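Numbering (the working numbering), first residue to last: 2 to 321.
Don't be surprised by glycine CBs; every beta carbon is placed ideally from N, CA and C.
The structure displayed is predicted, hence computed values, not measured ones.
Written as structure tokens, this is what we have:
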């Protein structure tokens, strides 16, 4: 079989593979024609490509360095006589991408007293000795003026260990929730798969949902309160698992793949996308080590018979 026969016989099996191969050889008209044939063969392929095509806008802004170990790329290169793939990344293009990624956080950084970056946790000791452990990509603003003790969680997640002072209540504001401490250790999330969430490891907190105008909810150790679709829901949680991320671990109990990937993505550089055959909605359980999030993602992929494509240093796709 000659080289052209090998190229003709090579066939990517899904949209993610086509994305990699087309990026590897964007000027091959024959390859483009075969892609169009593949796209037309089944209606669902157009849907798959539509789901993944928005990533192309990111890829067009820079000339990225792709993961040269992707099996589909290596296979195609071998069939096409190993044409040169790796492109240099210009300083200007890289700066533009950084601006795209970090630009929306510029105002947030101006509002916050403390901000954590990718894969960064930080312990902040407040004026009264209370302690805040900030998760990656989180932001807080503190106000201890005029005798008050107030922390606004502007983004992300934080674990609070509070020194109780009945004369000066400690409050955390996260979106539409106001959490008042009654001497405790508790975890607060702002944004993500739920709007806001509070979980108590020790002691008790009072949670007021200002949007619902309901009476404040009292939470004891082993209870959590979260807002979904504008409604507050109280549920049970293992106390020892509250804020476990601060010790470097994440526990999933029958949670959607997309939710687990969302947590791991804070410890992985760039964007992580889940694509294909309702993969994101599938439920998984497990203990994941956040200090080795890349291996944790691989374990998750193996368990779901999925593959990881490192499209660029800034884009990873979990695909099946």
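Residues that DSSP places opposite residue i in a beta bridge
| i | result |
| --- | --- |
| residue 161 | 133 and 187 |
| residue 257 | 284 |
| residue 232 | 229 |
| residue 221 | 205 |
| residue 42 | Answer is none; residue 42 lacks a bridge partner. |
| residue 179 | 174 and 209 |
| residue 276 | 320 |
| residue 252 | 288 |
| residue 151 | 144 and 172 |
Contact check, residue i vs residue j, beta carbons under 9 Å
| i | j | result |
| --- | --- | --- |
| residue 16 | residue 176 | no |
| residue 191 | residue 220 | no |
| residue 226 | residue 288 | no |
| residue 140 | residue 122 | no |
| residue 1 | residue 186 | Outside the displayed span of the chain (2 to 321) sits residue 1, for which this structure offers no information. |
| residue 270 | residue 120 | yes |
| residue 144 | residue 112 | no |
| residue 146 | residue 134 | no |
| residue 222 | residue 208 | no |
| residue 164 | residue 114 | no |
| residue 23 | residue 33 | yes |
| residue 224 | residue 236 | yes |
Three-state secondary structure (DSSP) of residue i
| i | result |
| --- | --- |
| residue 289 | strand |
| residue 204 | coil |
| residue 197 | strand |
| residue 319 | strand |
| residue 310 | strand |
| residue 156 | strand |
| residue 300 | helix |
| residue 268 | helix |
| residue 34 | helix |
| residue 125 | strand |
| residue 117 | coil |
| residue 168 | coil |
| residue 247 | helix |
| residue 51 | helix |
| residue 237 | strand |
| residue 192 | coil |
| residue 1 | The shown model of the chain, from 2 to 321, leaves out residue 1, and the question about it has no answer. |
| residue 242 | helix |
| residue 294 | helix |
Cα-Cα separation between residue i and residue j, rounded to whole angstroms
| i | j | result |
| --- | --- | --- |
| residue 132 | residue 161 | 6 Å |
| residue 320 | residue 166 | 51 Å |
| residue 283 | residue 257 | 5 Å |
| residue 35 | residue 309 | 24 Å |
| residue 243 | residue 110 | 27 Å |
| residue 252 | residue 291 | 10 Å |
| residue 301 | residue 178 | 32 Å |
| residue 43 | residue 214 | 50 Å |
| residue 315 | residue 272 | 6 Å |
| residue 199 | residue 232 | 14 Å |
| residue 48 | residue 297 | 29 Å |
| residue 19 | residue 262 | 23 Å |
| residue 149 | residue 170 | 7 Å |
| residue 239 | residue 205 | 15 Å |
| residue 230 | residue 279 | 22 Å |
| residue 311 | residue 218 | 44 Å |
| residue 318 | residue 241 | 32 Å |
| residue 29 | residue 299 | 32 Å |
| residue 37 | residue 31 | 10 Å |
| residue 13 | residue 212 | 49 Å |
| residue 216 | residue 197 | 17 Å |
Contacts around residue i, its chain only, beta-carbon distance under 8 Å, and the 5 residues preceding and following it disregarded
| i | result |
| --- | --- |
| residue 46 | 16, 39 and 40 |
| residue 304 | 285 and 287 |
| residue 306 | 321 |
| residue 183 | 165, 204, 205, 206 and 207 |
| residue 50 | 16, 19 and 40 |
| residue 245 | 251 and 252 |
Own chain residues within Cβ distance below 6 Å of residue i, not counting five before or after
| i | result |
| --- | --- |
| residue 259 | 275 and 281 |
| residue 267 | 137 and 138 |
| residue 1 | Nothing in the structure corresponds to residue 1, since the chain is present only between 2 and 321. |
| residue 68 | Model confidence at residue 68 stands at a pLDDT of 44, short of 50, so the residue's coordinates are unreliable and nothing is read from them. |
| residue 126 | 132 |
Neighbourhood of residue i by C-beta, 7 Å cutoff - its chain only, sequence neighbours within 5 removed
| i | result |
| --- | --- |
| residue 173 | 152, 154, 161, 180 and 189 |
| residue 255 | 284 and 286 |
| residue 210 | 177, 178, 228 and 233 |
| residue 294 | 265, 268 and 269 |
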